[in-house]
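*Asks:* Under the numbering used here, the first residue of the sequence shown carries the number 54, and numbering increases by one thereafter. We treat Cβ as the ideally placed atom computed from N, Cα and C, and that holds for glycine. The following block contains the structure, expressed as C-alpha coordinates.
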Amino acid sequence: MDAKSERNARILRVDQAGEFGATRIYAGQLAVMGTRAEHSSEIAGMAEQEADHRARFDAMIAERGVRPTLLQPLWSVAGYALGAATALMGPKAAMACTAAIETEIDRHYTQQLEELEGDDDTELRETIREFRDDEREHRDAALAAGAEQAPAYPLLFNAIRLGCRAAIKLSERI
(Lines of atoms letter the chains of each structure in order from A and count residues from 1; the text may use other names and numbers.)
(Lines give C-alpha, C1' and ligand atoms only; values in the text may rest on other atoms or scores of the structure.)
Protein backbone atom coordinates (compact mmCIF):
# COMPACT_ATOMS: atom_id res chain seq x y z
CA MET A 1 0.00 0.00 0.00
CA ASP A 2 1.43 3.37 -0.98
CA ALA A 3 1.70 6.35 1.39
CA LYS A 4 -1.45 8.06 0.05
CA SER A 5 -3.52 4.89 0.45
CA GLU A 6 -2.17 4.36 3.96
CA ARG A 7 -3.02 7.96 4.87
CA ASN A 8 -6.57 7.66 3.51
CA ALA A 9 -7.07 4.34 5.34
CA ARG A 10 -5.86 5.97 8.58
CA ILE A 11 -8.25 8.89 8.03
CA LEU A 12 -11.17 6.58 7.34
CA ARG A 13 -10.36 4.36 10.34
CA VAL A 14 -10.23 7.23 12.82
CA ASP A 15 -13.29 8.98 11.41
CA GLN A 16 -15.39 5.82 11.54
CA ALA A 17 -14.25 5.28 15.14
CA GLY A 18 -15.21 8.85 16.01
CA GLU A 19 -18.69 8.54 14.53
CA PHE A 20 -19.13 5.21 16.34
CA GLY A 21 -18.08 6.89 19.60
CA ALA A 22 -20.55 9.72 18.99
CA THR A 23 -23.43 7.27 18.62
CA ARG A 24 -22.43 5.68 21.94
CA ILE A 25 -22.20 9.06 23.72
CA TYR A 26 -25.69 10.01 22.58
CA ALA A 27 -27.00 6.54 23.52
CA GLY A 28 -25.66 7.05 27.05
CA GLN A 29 -27.17 10.52 27.28
CA LEU A 30 -30.57 9.40 26.05
CA ALA A 31 -30.57 6.37 28.37
CA VAL A 32 -30.28 8.77 31.33
CA MET A 33 -32.37 11.66 30.01
CA GLY A 34 -35.16 9.71 28.37
CA THR A 35 -37.37 11.45 25.86
CA ARG A 36 -38.86 14.17 28.04
CA ALA A 37 -35.83 15.90 29.53
CA GLU A 38 -34.77 19.34 28.38
CA HIS A 39 -32.91 19.08 25.04
CA SER A 40 -33.52 15.32 24.67
CA SER A 41 -35.26 15.81 21.32
CA GLU A 42 -32.27 17.82 20.06
CA ILE A 43 -29.91 15.11 21.28
CA ALA A 44 -32.03 12.44 19.59
CA GLY A 45 -31.82 14.37 16.32
CA MET A 46 -28.05 14.67 16.60
CA ALA A 47 -27.86 10.95 17.42
CA GLU A 48 -29.74 10.11 14.21
CA GLN A 49 -27.34 12.21 12.18
CA GLU A 50 -24.32 10.56 13.83
CA ALA A 51 -25.82 7.12 13.11
CA ASP A 52 -26.05 8.10 9.44
CA HIS A 53 -22.42 9.30 9.49
CA ARG A 54 -21.35 6.03 11.06
CA ALA A 55 -23.29 3.96 8.51
CA ARG A 56 -21.68 5.83 5.64
CA PHE A 57 -18.18 5.40 7.06
CA ASP A 58 -18.94 1.71 7.81
CA ALA A 59 -19.83 1.25 4.13
CA MET A 60 -16.66 3.03 2.96
CA ILE A 61 -14.52 0.88 5.29
CA ALA A 62 -16.12 -2.29 3.93
CA GLU A 63 -15.86 -1.19 0.28
CA ARG A 64 -12.20 -0.22 0.64
CA GLY A 65 -11.10 -3.11 2.85
CA VAL A 66 -9.88 -0.80 5.63
CA ARG A 67 -9.39 -2.39 9.04
CA PRO A 68 -11.46 -0.60 11.71
CA THR A 69 -9.75 0.37 14.93
CA LEU A 70 -9.15 -2.47 17.35
CA LEU A 71 -10.19 -0.09 20.13
CA GLN A 72 -13.87 -0.08 19.15
CA PRO A 73 -14.96 -2.10 22.23
CA LEU A 74 -13.21 0.45 24.45
CA TRP A 75 -14.82 3.38 22.61
CA SER A 76 -18.21 1.71 22.99
CA VAL A 77 -17.93 1.57 26.77
CA ALA A 78 -16.11 4.91 27.16
CA GLY A 79 -18.52 6.76 24.88
CA TYR A 80 -21.60 5.40 26.62
CA ALA A 81 -20.11 6.17 30.04
CA LEU A 82 -19.22 9.74 29.02
CA GLY A 83 -22.72 10.28 27.66
CA ALA A 84 -24.40 8.86 30.74
CA ALA A 85 -22.12 10.77 33.15
CA THR A 86 -22.68 14.12 31.47
CA ALA A 87 -26.44 13.53 31.30
CA LEU A 88 -26.46 12.71 35.03
CA MET A 89 -24.88 16.12 35.60
CA GLY A 90 -27.85 17.67 33.78
CA PRO A 91 -28.96 18.78 30.31
CA LYS A 92 -26.48 21.67 30.17
CA ALA A 93 -23.59 19.31 30.91
CA ALA A 94 -24.81 16.96 28.18
CA MET A 95 -24.73 19.93 25.82
CA ALA A 96 -21.27 20.91 27.10
CA CYS A 97 -20.12 17.41 26.14
CA THR A 98 -21.45 17.93 22.62
CA ALA A 99 -19.87 21.39 22.37
CA ALA A 100 -16.49 20.03 23.44
CA ILE A 101 -16.49 17.02 21.17
CA GLU A 102 -17.77 18.89 18.14
CA THR A 103 -15.23 21.67 18.66
CA GLU A 104 -12.48 19.07 18.56
CA ILE A 105 -14.01 17.20 15.60
CA ASP A 106 -14.33 20.45 13.64
CA ARG A 107 -10.59 21.01 14.20
CA HIS A 108 -9.81 17.38 13.31
CA TYR A 109 -11.92 17.29 10.12
CA THR A 110 -10.53 20.67 9.00
CA GLN A 111 -6.97 19.34 9.40
CA GLN A 112 -7.90 16.26 7.40
CA LEU A 113 -9.38 18.38 4.62
CA GLU A 114 -6.14 20.36 4.44
CA GLU A 115 -4.21 17.08 4.32
CA LEU A 116 -6.47 15.80 1.51
CA GLU A 117 -6.28 18.99 -0.56
CA GLY A 118 -5.52 18.03 -4.13
CA ASP A 119 -6.17 14.33 -3.43
CA ASP A 120 -8.21 12.54 -6.08
CA ASP A 121 -10.33 10.75 -3.45
CA THR A 122 -13.30 13.09 -3.83
CA GLU A 123 -15.68 10.70 -2.04
CA LEU A 124 -13.62 10.81 1.16
CA ARG A 125 -12.96 14.54 0.92
CA GLU A 126 -16.60 15.49 0.29
CA THR A 127 -17.88 13.13 2.99
CA ILE A 128 -15.56 14.70 5.56
CA ARG A 129 -16.57 18.21 4.45
CA GLU A 130 -20.28 17.35 4.76
CA PHE A 131 -19.85 15.72 8.16
CA ARG A 132 -17.69 18.61 9.42
CA ASP A 133 -20.49 21.00 8.56
CA ASP A 134 -22.98 18.80 10.43
CA GLU A 135 -20.67 18.69 13.47
CA ARG A 136 -20.40 22.47 13.44
CA GLU A 137 -24.19 22.66 13.53
CA HIS A 138 -24.23 20.30 16.51
CA ARG A 139 -21.66 22.45 18.33
CA ASP A 140 -23.60 25.63 17.62
CA ALA A 141 -26.87 24.02 18.76
CA ALA A 142 -25.21 22.85 21.98
CA LEU A 143 -23.89 26.33 22.69
CA ALA A 144 -27.29 27.86 21.93
CA ALA A 145 -28.85 25.36 24.36
CA GLY A 146 -26.71 26.67 27.22
CA ALA A 147 -23.67 24.38 27.19
CA GLU A 148 -21.54 27.16 28.70
CA GLN A 149 -23.86 27.26 31.72
CA ALA A 150 -22.94 23.71 32.74
CA PRO A 151 -21.29 23.26 36.13
CA ALA A 152 -17.51 23.74 35.85
CA TYR A 153 -17.89 24.30 32.10
CA PRO A 154 -14.25 25.23 31.33
CA LEU A 155 -12.95 22.18 33.17
CA LEU A 156 -15.53 19.83 31.64
CA PHE A 157 -15.10 21.28 28.14
CA ASN A 158 -11.31 21.05 28.14
CA ALA A 159 -11.17 17.60 29.78
CA ILE A 160 -13.52 16.19 27.13
CA ARG A 161 -11.53 17.83 24.32
CA LEU A 162 -8.32 16.34 25.70
CA GLY A 163 -9.91 12.89 25.88
CA CYS A 164 -11.17 13.31 22.33
CA ARG A 165 -7.67 14.18 21.09
CA ALA A 166 -6.25 11.11 22.80
CA ALA A 167 -8.94 8.89 21.26
CA ILE A 168 -8.15 10.32 17.82
CA LYS A 169 -4.42 9.63 18.14
CA LEU A 170 -4.98 6.10 19.38
CA SER A 171 -7.61 5.23 16.76
CA GLU A 172 -5.43 6.43 13.89
CA ARG A 173 -2.90 3.70 14.58
CA ILE A 174 -4.50 0.91 16.59
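#1: Shorter than 7 Å from the beta carbon of residue 185 to some beta carbon of chain C?
#2: Between the segment 68–81 and the segment 104–118, do at least 3 Cβ pairs fall closer than 8 Å?
#3: For residue 197, tell me which candidate among 147, 79 and 133 has the shortest Cα-Cα distance.
#4: DSSP on residue 213, reduced to helix/strand/coil?
#5: At 4 residues or longer, what runs of the alpha helix (DSSP H) sit wholly inside the segment 119–189?
#6: Within 8 Å, do at least three Cβ pairs link the segment 131–147 to the segment 71–82?
#7: What is the DSSP secondary structure of residue 87, reduced to helix, strand or coil?
#8: Nearest to residue 221 by CA position, among 173, 174, 64 and 104, is which residue?
#9: If I measure Cβ to Cβ from residue 156 and keep anything under 6 Å in the same chain, skipping five residues before and after, which residues do I get?
#10: Going by C-alpha to C-alpha distance, which of 61, 58, 73 and 173 sits closest to residue 217?
#11: With 16 as the cutoff for other CB atoms within 10 Å, does residue 165 come out buried or exposed?
#12: Over what stretch of residues does the alpha helix (DSSP H) that includes residue 104 continue unbroken?
#13: Use the C-beta contact count for residue 132: other C-beta atoms within 10 angstroms, 16 or more gives buried, fewer gives exposed.
#14: In this structure, how does DSSP classify residue 199 when only helix, strand and coil are distinguished?
#15: Could you tell me the distance, in whole angstroms, from the CA atom of residue 93 to the CA atom of residue 205?
#16: Just the Cα atoms here: how many angstroms apart are residue 86 and residue 143?
*Replies:* Put simply:
#1: This model lacks chain C altogether; it includes just one protein chain.
#2: yes
#3: Taking the sequence shown and counting its residues from 1, the one referred to as residue 197 is at position 144. Selected option, being the one with the closest Cα: 147.
#4: Position 160 of the sequence shown, counted from the first residue, corresponds to residue 213. The answer is helix: DSSP assigns residue 213 an H, G or I state.
#5: 125–142 and 144–168
#6: yes
#7: Looking up residue 87 in the sequence shown gives position 34. Residue 87 falls in the coil class under three-state DSSP.
#8: Here residue 221 refers to the residue found at position 168 of the sequence shown. Selected option, being the one with the closest Cα: 64.
#9: Along the sequence shown, one-based indexing puts residue 156 at 103. Within the same chain, residue 156 has close Cβ partners 192.
#10: Here residue 217 refers to the residue found at position 164 of the sequence shown. Of the candidates 61, 58, 73 and 173, the one whose C-alpha sits nearest the C-alpha of residue 217 is 73.
#11: Here residue 165 is taken as the residue at index 112 of the sequence shown, counted from 1. Residue 165 is buried by the Cβ-count criterion.
#12: What you label residue 104 is simply residue 51 of the sequence shown in a count that begins at 1. Taken as a continuous stretch (DSSP letters only), the alpha helix (DSSP H) holding residue 104 covers 93–117.
#13: Indexing the sequence shown from 1 puts residue 132 at position 79. It is buried - the Cβ of residue 132 has at least 16 other Cβ atoms within 10 Å.
#14: Counted from its first residue, the sequence shown places residue 199 at position 146. In the structure shown, residue 199 sits in coil (DSSP, three-state: anything other than H, G, I, E or B).
#15: In the sequence shown, counting from the first residue as 1, residue 93 sits at position 40. In the sequence shown, counting from the first residue as 1, residue 205 sits at position 152. The straight-line gap from Cα to Cα measures roughly 21 Å.
#16: The residue labelled residue 86 in the question sits at position 33 within the sequence shown. The residue labelled residue 143 in the question sits at position 90 within the sequence shown. C-alpha separation (whole angstroms): 8 Å.
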